[in-house]
Each structure stands twice: as C-alpha cells, then as structure tokens.
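Protein chains in written order, with the numbering used here: chain B, 301 to 733; chain P, 5 to 390; chain R, 60 to 249. By construction, the Cβ of each residue, glycine as well, lies at the ideal position given by its N, Cα and C atoms. Small disclaimer: the values here were computed from a predicted structure and weren't measured. Everything below concerns the one structure shown next.
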Amino acid sequence: MGSLTPDFRFGNFVGSVVWLVFVVLVLVTLLILPIIFFVLFYVPLPEVDGQVLTPYLFFSMMVDPSRTLPVIQFFMHLDIFRAAVFPGFAFAALIAAATIFVERKLLAKMQLRVGPLYAGKVEGIFQLLADGLKLLTKEIIVPSGADKPIFWLAPIAFVSTAAAVVALIPVASGWVVADVDVGLIAAFAILGFFPLIALLFSWASNSKYPFLGGLRALHQMIAFEIPFFLSAIPVVILSSSLNLSDIARSQTAFWNIFIMPINAFVFFISSLAELERIPFDLPEAESEIVAGWLTETSGMIYGLIQLGSYLKLYALAGLFVILFMGGWYGPQIFPQELIPGAHDSNLPLLQMLALDGLYNPVTVNSIFWFLIKTIVIIFLFLIIRGINPRIRIDILLHTGWYKLIVLTFINLFVVLMLIYGGVIGPGGMISAR
Amino acid sequence: MSNLDGIIDEAKKLSLQITKENEEDRLMTLSVGPQHPGSGHFRFTIKVDGDYIVFVDPDPGYVHRGHEKMCEYRNHFQNIPHLERPVIHDSCNITYSYSLAVEDLVGITVPRRGQFLRALASELNRLSYTLYWLAIYGIFLGHSTMFMWPAGDRELLIDLLERMSGQRITNAYNIPGGARADIPYNFKERCLSQVNYFEKRLNEYDDIFYNNPLLRQRTEGVGILSKEDAIRLGVTGSVLRASGVPFDVRKVEPYDIYDELDFKVQYMKTCDSFARAYVPMLDMRESCHIIRQIIDKMPESGPVREKLQFNIKNPPGETYKRVESGRGALGYHLVGDGSPKPYRVKASVGSFRNLLALPFLLTGSKLGDMPAVYWSLNYWPVEADR
Amino acid sequence: MEKANSNSNSNSNSNSNNNNNIGQSQAIEVRDNDNYPLSKEIISSLSINFGEKVKVVYKKEFRSKLMVAPENLVETALFLRNNHGFDHAESASGTDYPADNEIELNYHLGSYSNIDYYPYIVILSTRVNRDDPKSNSLINIFPSVEYHERETYEMLGVYFLGHPRNERFILPEDWADIPPLRKDFRIKGR
Chain B
301 MGSLTPDFRF GNFVGSVVWL VFVVLVLVTL LILPIIFFVL FYVPLPEVDG QVLTPYLFFS
361 MMVDPSRTLP VIQFFMHLDI FRAAVFPGFA FAALIAAATI FVERKLLAKM QLRVGPLYAG
421 KVEGIFQLLA DGLKLLTKEI IVPSGADKPI FWLAPIAFVS TAAAVVALIP VASGWVVADV
481 DVGLIAAFAI LGFFPLIALL FSWASNSKYP FLGGLRALHQ MIAFEIPFFL SAIPVVILSS
541 SLNLSDIARS QTAFWNIFIM PINAFVFFIS SLAELERIPF DLPEAESEIV AGWLTETSGM
601 IYGLIQLGSY LKLYALAGLF VILFMGGWYG PQIFPQELIP GAHDSNLPLL QMLALDGLYN
661 PVTVNSIFWF LIKTIVIIFL FLIIRGINPR IRIDILLHTG WYKLIVLTFI NLFVVLMLIY
721 GGVIGPGGMI SAR
Chain P
5 MSNLDGIIDE AKKLSLQITK ENEEDRLMTL SVGPQHPGSG HFRFTIKVDG DYIVFVDPDP
65 GYVHRGHEKM CEYRNHFQNI PHLERPVIHD SCNITYSYSL AVEDLVGITV PRRGQFLRAL
125 ASELNRLSYT LYWLAIYGIF LGHSTMFMWP AGDRELLIDL LERMSGQRIT NAYNIPGGAR
185 ADIPYNFKER CLSQVNYFEK RLNEYDDIFY NNPLLRQRTE GVGILSKEDA IRLGVTGSVL
245 RASGVPFDVR KVEPYDIYDE LDFKVQYMKT CDSFARAYVP MLDMRESCHI IRQIIDKMPE
305 SGPVREKLQF NIKNPPGETY KRVESGRGAL GYHLVGDGSP KPYRVKASVG SFRNLLALPF
365 LLTGSKLGDM PAVYWSLNYW PVEADR
Chain R
60 MEKANSNSNS NSNSNSNNNN NIGQSQAIEV RDNDNYPLSK EIISSLSINF GEKVKVVYKK
120 EFRSKLMVAP ENLVETALFL RNNHGFDHAE SASGTDYPAD NEIELNYHLG SYSNIDYYPY
180 IVILSTRVNR DDPKSNSLIN IFPSVEYHER ETYEMLGVYF LGHPRNERFI LPEDWADIPP
240 LRKDFRIKGR
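Structure below.
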C-alpha cells in the first residue's frame, strides 16, 4: 500500500490530471495533427492492391481486418523490412537472445543447477530482459587515457559487422537481405573484420590485459581463417557457385556433409574458434588475462559486444547449414492451405486466417527446416561449452596451422576425384542438375 | 678516415643501447591478483615476454591476520576457533594438528572413540577441501561444469560435518582432549551411504574432466617439478607425491589411530601438472576407503573427549606435531612456559611451503600455463598468509 | 594434570608408539635412552664429529632438538644434509626471549630422500643476540628456507647474512612498527 504525503489533497490531484489532459489535447491539435497531415500530403504513399494507401484505408481496416493482408504483404517485400526485421536484424537478434537464454538453462542443467529461475514466472524467461535493462542502466566507464572515438565505435562496429554477416544468410529461397553473387567470399571477408575490431578496441582501452587479449584474438582468428576458408572450397567446386542461395539449391539430391564430413568438421571447429567460445575462448580467458579484450567493457558496451557475438553465432550456424546441411531443403510438412476450406469460406475472419497471399507453404516449410537445422548446430555449439576446458594458445595455433589445413586438403582431393570420376558434380551420376 | 671510424664505433654503441632498451620494452609487467580472477587472495607480479613468463615474484600477505601472534594472547580452547579460519574448508585438520601438539605438550591421552571421531572429521574435511580445490582448478582451466559438480557434491560432506559438529564449515570439532561432540543417532548409516554415492561420482569426474583430451593436452608435461627439485624446494602434500615421493604423514608418522587403518600412499611419477591434479583425486578415493574403515572399527560407545579444565597450564617445553592436511604436512610448533597461554606458536603450513615452487615452475613457462601450474600446487593463499 | 605427569613418567621407559609417550616437559639434559634408535644415531654421529659444539636440548622418538652456536649453524646444517639426508626445511621460525635478551631460531629439518628418516624432524636451533640479531642464512644448503627466513626477518627482525632478499614479505608495505612477533609488540586491547 502506498502512503500519502501529508499535504495531499484530492482536489489538487484531480486538477493536475485535468491540466495534463488539457496540455495533451492542445499539443495534439496544434502540433501532432498538422505534422501528420503534412506528411500524408507530401509523402507519396505506395499503391497496394490497386488502391492508394490513404489514411481512410487504414480506418477501413479496423472494420475488415483482412484488408491489412495486402499491406503486410507489400511491406514484407520491402528491402527495409528484410534488412531490419526478417530475415535480417530483428529475427537474428531474437534468435541470439533465445540462444543466450537456452545456453544458460542448458549449461545449468548440465551442471546440476537450475539456472535463471525468478525473473518471469516460468523458469526465469524474463531473465534476459532483466539483464538487458541492467546493462542499459549501468554506467559506462571509459578508462583514463583511452582512445575515446575508437572505444565508443568498436562495440557498434562489432554489432554491425555481425549483422552484416547475418544479412548474407538466406533462410529460404529468395529470402535473403543481400543476395550477392560472391556471398561466400563476402561472408569470409566480413568475418575478417572481427580481429581488427578486437585489436582496435583492445588498443583503445589503454590497458594491459585487453592488449594481450587483442593480440591473442588476432593470432587465433588468422590461424583459423585459412582452414575456415579452405574447408568451403570443395563446396564451391561442387556447386560451381559462390552465391549462398545457389549453394543451398545445389544440395537438393544430397547434403554436402555426406561427401565431405571432414570439411564439415573443420568448418565447425573453425567456427568455434571464430566465435571465441570454449574451448577457444582464449581472447577472453579469465584466469589468465582477466577478461581479455573485454576487460574494460562495461554497461551497454559489453551488452552490444555480447549481442554481436551471439548474432555471429547464429550467422555461422546458418552458414554451416547452407554449406553442408542442404540449406532449407527438407520434406514438405506444411499443408497447401493453412486451414482447409478457409480460402473459399464466406466468413471474412476465417478467410483472413487463411492468410491468402501471405502463406506460401514452400517458403514456410523452407524456413522451418532451416531453423531446425540451425538450432541443432547452435545446440552443438552450446554443448561443447559444458564439457571442455580451455585450450592453450600454442596448441590452438598448432591445431589451426598444421592439423586443420591438412585435413581440409584430404576432402578436397576426395571431392575432385569424385567429380572427375563423374560421380557427382554437374552432369554426374547423383547430381541434382 | 679515422674520424669516420670513431663515428661508426659511437653509432654502434648507441644502437646497442637502443636495442637494449627495446629488449626491456618487450617485457610487460602484469600484476596477477588480488583483483585478478585467476589468483585468489594473493598477488604475484609476473613479467611476460610475449606469451612467455620471464619473471615471477609472489607477494602473499593480503589476508595476513597474525594468528601466531593472536595465539600468544589466548588459551588453547580460545585458540581453536580462530586457528581454523585460514582454511575453513579444512578446519578439522588445522585444529587436529594444534590439538595433537597441545596434548603432546600437556600430556593427555585421548579416549579411543574420540580418536576415531577426530580422524573421521579430518577425512571428511579433506574430501570437502579437495572438492573445493578441484572446483577452482576446473574453473581456472575454463571448465565450468567441473566448477559446479564438485561444489555441489561437497554438500554431501558438509551435511555430514554439520551433523557431527553443528557447523557447516568452521567446525571447531577437533579440540585438545578429543572430539568436541559425539555423533548423532543414525550417523553411521548416513555417512556410509553418502560416501558410497560420492565415490561413484568420482568416476564421473574422471569421465568429464581427467579423461578429457583437451585437459590432458593442457596439463600433461606442463610445469614439471622433478623429484630432485621437489625435494630441494621442500614441497609437501600432493605436489610432493606427484613428483614421486611417497610421503604422507598419516603413513610415515601415524597419529591417533591411523596406524590401525589400511590405506596406501598414492603417488605418481610423471611430475607434471596433471599428476599434481590427479593425486588429490586418488587421495579422495583413499579417504573414502579410510572413512569406511573408521566407521567399521569405531567403538560403539565410550567417551569422546578427555575433560580438561579450561585454563589448562602448559608445562615449560616445546613440541612439534604434524598431520597430513589437504595441502600436505601441517605442523604446529608449540612452546609452553608454564602459563595457560602458549609462549610461541608457529604453524608450518603446506601452502607456504608449496609457494616456493611457484616462481620455479612459472619462470620460462607460457602465460597460458599459469592457471594450470599455479592452482595445481595445492596452494591456499589464506593459509599461507596465516 | 596429575594424570598427564604420571603418563609422561611411566612412558619414559616404554617403546609404545602411542601419542602420549612424549610428554617430557623439561628435558634440557641428554637422556641416554636406547628406545629411540633414530635419535640415537643422529646424536651419536653429531657428538663424534662436533663434540661439545652441539648441545642436545631434547630427544624424542621422532624429534630431537639441537642447539648450536650461531657460528656453527651452517656447518651443522651441512653435516646433517650430507651425512643424514636431511634435505629440506619444514619451517624456519624464531622465538623471542626478552628475559635472556636472545632470539632463538628454529629450523625444522626433514628428509625426503632417506626413507628411514621420513618421520623424523631435527630441530636445529641457535640463539642470537636480540639487540642486533644476525644469523647466517641456510639458503645455500636448504633452498626451501627462502620464504621462511624472509618471514622470520620481518616478523622478528633477524637479519640473515647471505639471504638475497631480506625484504618485506607478508606484512603490509606501509608497516612501520617493530617486528610483530617480538614480545614487546603488544596487541591493542590485550
């Protein structure tokens, strides 16, 4: 129960409420309504379904909700929607957030704990929200002598670079933010920025442990970049394309992982190293160099870098699925119509639920299978963390430079032999094309 | 020409100086601890050349509380609660050693049941301490599951100790004259069942931690402390046994009832960090074995402690008694002068002796080996500071 | 107390290994006791080689305390290491005796290389002048005393000649009082 201040008077309270309402009304009439009308007057609204989108159309949508469908359909095919919502940033950020939560719960179960429990009624599902709010409200401490512009820019650069990788990942045929012809090379090129950001940030922090961590990050990522890239070469040879959508389409007959399991393994290990996750979390090895290049991060700077690294996790898991696990292909399990008979129904609400024009069974099926496969890969990434200790830097470099590079060549030769033998590849015995 | 030669010589000297300065600049001084997550209440300054450690200087004393001085102002029973503070997880072993020294100095015979109970508490504490140590070793190597499992299983032993002494960790159970309290009803069955369960869990530790190839890669052949060096540096406990010296105070100088128990001194000859990490594990199995024997051989009834007067007077003289604690031989050098308070108490603790091996092992090793070597030394910073 | 005394008296001629057989309180003189073969061996060999220079303070089953003059400390330690296999020091400590104006240094020496001497501890002690306490460091004979001697230096103010680092070790860096384990250092309120 709240307590009242001694000089509380109900009349004053009512008066203040009335005053507030009055101010809001005045503001709306004098300021907001004119702005809306000016905008609607000057901004050419798109033509949807033969009708120009006017404010009156919005009002009519309240009466007939099914009229919103064409509008949604229109917006869904805008580039800005793809980049910002699906399959771009918001979608990936949602998966990243879910990954963080699942990771915490999964690790907790592996370690005979309960994990987040109190925030939110059920199993602490709002824990992430609470953590995010906490990070948002915390003070950001900039070390003295830090290179301030770089210190502030690096976390933003980290997130945007991670989002750039996400933009290249197709989740279904045609559902990709940037469908570029050199998608694979672009992905590797963008991933190559991360050590640079780590090094810049660690240098800008003006502290010893971040500096050591940044150098370690640089060493580690360069050592694993080469096997990372080499492991994708047989895939490119096989599908004769660098476009990620084409690579996925070339696997309708069989998944690449069945022909090149070693490369898939190398790619997985390299992704772990690229992600700086246990057992390759040397740049953040807490017992050696405190928190590595993240030592001086605080508040939302840490939050952004954390978000970026989980975006990266999703992107790399997606890349693995595209390259080795047949992309979005899977048995068709979604029906041709969402609700049988709804399409021809007379009831407007039921007709709307058929999601006419929005619901495409093939696309939905593709997204479903892509997500399932990606989640499996993400789980593999997570489980590794629960059962392994950290590796040492020299063993890591040795693994990267000597073992993994050699391993990639084995499978490359196997694939080349199969192609020249006419078993797979264009015109092969078990080829899709 | 001659002028030019002189200039060249001078230039060479100058450039030599410059290279020398640059060599100094290569080194980076890192202060590991006490705010470092990989040190504990302890600091050591290291200088690194790239990823190699070239200089180590331990600087203990962050939690020094002068307990040797404090002892001189209190009588024996007042001393017990503050003596166990340095290693609260291994409290019974610290007080055990002190009690043995007092009994030796004053001349007290502990009742037989009391001797068994003290040994039981000491073994339970050893298990509990080793689990705590193992948990931290796990997290130092980045193995978070190995942090949680021992920390959780430690509850089993803490539960038993709580039933024995009424406290979870600062037990104050072994006091001069015997055990402070008798065990409650139905304790033996519970103890046996929990210890049996615990022994099964040890196999799972093997599976997830010690047999992990990455862990083996990281610890095997790292920080080799040869037998000669171990002897020269006078290390003790699991560090010594990992270097191939089968030295266990329980065996070589049995106190209380340890000469009646059948157990082996576990040791390894590989001398590396892995051996130092694995010997405590072998010790834990041996401790389970010992606990079962104690439960088996303990007299059903009888007094658990010799009743002493509170201000018992020390005869003039001195003694040195030691026990095998979780970190090795733990001895108390006690000097009496005829008053109820000890004239001088000197604790020779395993941690402080093992500390000497730290700079020896770390100098020249890689920075990545630091946690693997440092914590394998079975070093408890608070105990070393006393 | 009576019981304790009777125990110690009755056990002086028995060889049982119970823990109550070493309650001899006051034993400055040497007792010729054949029941402790380890002690006997060491002490006889020391008395042959050093004669009167080494005084035996007490002798128990697994312990014996030898008192030497500060100038004989190093050679006795060297003899113990080379001839009897005492290869490490369990502790090195000091005790302040303001009444005698002396500080007693105790080195608890043990053996890891000689399996017979595993349970045995020789307490090698010497007494130095309290006003200007100086003693030879044993660091070249037993490297294991390095930190113990540093601790003794700061806790009792004994300067160890030949020790490379007579420096602050455990105490805080801004400690500016007399060495705390001296008897004239009083704890506040006690």
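For a test of the three-state rule: what should DSSP assign to Trp669/B, helix, strand or coil?
helix
What does Trp153/P touch in chain B if you count any residue whose Cβ is under 8 Å from its own?
Gln411, Leu412
If you measure from the beta carbon of Asp373/P to each beta carbon in chain B, is any gap under 8 Å?
yes
Backbone CA spacing between Pro635/B and Leu671/B [nearest angstrom]:
18 Å
For Ser305/P, count the other beta carbons within 10 Å of its own beta carbon; 16 or more makes it buried, fewer makes it exposed. Which is it?
exposed
So that I know if they touch, is there some Cβ in chain R lying closer than 8 Å to that of Tyr102/P?
no
For Lys703/B and Leu696/B, what's the separation of their Cα atoms in angstroms?
10 Å
Between Asp236/R and Phe244/R, how many whole angstroms is the CB-CB distance? I'm expecting something under 8 Å.
7 Å
Can you give me the C-alpha to C-alpha distance between Leu4/P and Asn216/P, rounded to a whole angstrom?
What the structure shows of chain P is the stretch from 5 to 390, and residue 4/P is not part of that stretch, so it cannot be assessed.
Just to make sure I have the definition right: I need the residues of chain P whose C-beta is within less than 8 Å of the C-beta of Ser587/B. Which are they?
Pro41, Gly42, Ile143, Phe144, Leu145, Gly146, Met374, Pro375
Please list the terminal residues of the continuous alpha helix (DSSP H) segment that includes Arg404/B.
389-410
At a CB-CB cut-off below 8 Å, which residues of chain P make contact with Asn165/R?
His337, Lys350
Flag Ile173/P as yes when its Cβ comes closer than 7 Å to any non-hydrogen atom of the ligand NAP, and as no otherwise.
Ligands in the displayed structure: none, and consequently the ligand NAP is not present.
Chain R beta carbons: is any one of them nearer than 8 Å to that of Ala185/P?
no
Pick from Leu499/B, Tyr610/B, Gly603/B, Ile667/B: whose alpha carbon is nearest that of Gln632/B?
Ile667/B
Chain R partners of Ile235/P, CB-CB under 8 Å?
Asp146, His147, Tyr171, Ser172
Bridge partner(s) assigned by DSSP for His167/R:
Ser150/R, Ile182/R
Can a CB atom of chain B be found closer than 8 Å to the CB of Leu109/P?
no
Residue(s) in a DSSP beta bridge with Trp475/B
Ala472/B
Going by C-alpha distance, which of Asn141/R, Tyr117/R, Tyr166/R is nearest Pro129/R?
Tyr166/R
Taking one C-beta from the segment 173-188 of chain P and one from the segment 712-720 of chain B each time, how about it: are there three or more such pairs within less than 8 Å?
no
Taking all protein chains shown into account, do 16 or more other C-beta atoms lie within 10 angstroms of the C-beta of Ala532/B, making it buried, or fewer, making it exposed?
buried
Give the DSSP-derived three-state secondary structure of Glu596/B in the structure shown.
coil
Count the other C-beta atoms from every protein chain shown that fall within 10 angstroms of the C-beta of Ala472/B, then say buried if there are 16 or more, exposed otherwise.
buried
Among Arg172/P, Thr323/P, Tyr282/P, which one has its Cα closest to the Cα of Glu224/P?
Tyr282/P
Beta-carbon spacing of Phe121/R, Tyr179/R below 8 Å:
yes
What did DSSP end up calling Gly429/P once you bin it into helix, strand or coil?
The shown model of chain P, from 5 to 390, leaves out residue 429/P, and the question about it has no answer.
Just to make sure I have the definition right: I need the residues of chain P whose C-beta is within less than 7 Å of the C-beta of Pro689/B. Which are they?
Leu145, Gly146, His147, Asn216, Leu218, Leu219, Arg222
Contacts of Phe251/P in chain R (Cβ-Cβ under 8 Å)
Tyr171, Tyr177
If distances are taken between C-alpha atoms only, which option among Asp94/P, Val58/P, Glu322/P comes closest to Leu362/P?
Val58/P
Met126/R, enclosing beta strand (DSSP E) - first and last residue:
122-127
Leu359/P versus Leu381/P: straight-line alpha-carbon distance, rounded
8 Å
Which residues in chain B have a C-beta closer than 9 Å to the C-beta of Leu34/P? List them in chain order.
Lys508, Tyr509, Leu512, Ile589
Under 7 Å between beta-carbons, which chain R residues line up against Val256/P? List them in chain order, please.
Tyr177, Pro178
Check whether the segment 257-272 of chain P and the segment 127-140 of chain P touch, using three or more Cβ-Cβ pairs below 8 Å as the test.
no
Based on Cα-Cα distance, which residue from Pro223/R, Asn94/R, Arg209/R, Leu220/R lies nearest to Gly153/R?
Arg209/R
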